[in-house]
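Residue numbers (my numbering): 170 to 233.
Notes to accompany the following structure.
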């Protein structure tokens, strides 16, 4: 019973203090060559060497 109270308290703490960014993109690194305008067709994948690759359509530049 004591473990249940601890688990509930732990879950409540995590839910209260964890910030989620679901569906929100966060800018990282330099913005050189990247438009601040709208984007579409957002993709994030991991290649065969475990490098993350971001693909998107830049609406302001009409290319991507």
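For glycine and all other residues, C-beta sits at the position ideal for the given N, C-alpha and C.
To which residues of the same chain is residue i closer than 7 Å at the C-beta, ignoring the five residues directly before and after it?
{"i": "residue 214", "result": "222"}
Please report how far the alpha carbon of residue i lies from the alpha carbon of residue j, in whole angstroms.
{"i": "residue 224", "j": "residue 209", "result": "9 Å"}
{"i": "residue 229", "j": "residue 212", "result": "18 Å"}
{"i": "residue 227", "j": "residue 206", "result": "7 Å"}
{"i": "residue 218", "j": "residue 201", "result": "25 Å"}
{"i": "residue 179", "j": "residue 216", "result": "36 Å"}
{"i": "residue 174", "j": "residue 182", "result": "12 Å"}
{"i": "residue 176", "j": "residue 184", "result": "12 Å"}
Using a C-beta cutoff of 7 Å, does residue i count as contacting chain C?
{"i": "residue 180", "result": "Judged by its chain identifiers, the structure shown contains no chain C, having just a single protein chain."}
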